[in-house]
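Chemist: Taking this note's numbering, the leading residue of the sequence shown gets 373, the next gets one more, and so forth. Below you will find the structure I want to go over with you.
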Amino acid sequence: KLIKVGAVIIRNTRRVRVLMSDSYPYKDELADLARRLVPG
């Protein structure tokens, strides 16, 4: 199952930032998942 999220993606040389709306109901869960997927 795919997750659909409306967000702004900002990419530069060293990092990728995902800016989500404060009203997104699963924002904290998605941020926790992203932290777990980051290597290192």
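C-beta atoms are modelled at their ideal positions from N, C-alpha and C, and glycine is treated no differently. The structure presented is a predicted model; accordingly, all values stated were derived computationally and were not measured.
What did DSSP end up calling Arg-389 once you bin it into helix, strand or coil?
Modeler: Translated into the one-based positions of the sequence shown, residue 389 becomes position 17. Residue state, collapsed to three classes: strand.
Chemist: Run through the DSSP bridge pairs and tell me what Arg-383 is partnered with.
Modeler: For the purposes of this step, residue 383 is taken as the residue at position 11 of the sequence shown. Paired residues: Val-388.
Chemist: Quick check on the DSSP output: the alpha helix (DSSP H) that includes Lys-399 runs from which residue to which?
Modeler: The sequence position of residue 399 within the sequence shown is 27, counting from 1. Here the alpha helix (DSSP H) through Lys-399 covers 399 to 409.
Chemist: Check whether the Cβ atoms of Ala-379 and Val-390 sit closer than 7 Å, and answer yes or no.
Modeler: As a working note, residue 379 is residue 7 in the sequence shown. As a working note, residue 390 is residue 18 in the sequence shown. Against a cut-off of 7 Å, the Cβ pair of Val-390 and Ala-379 comes out as a contact.
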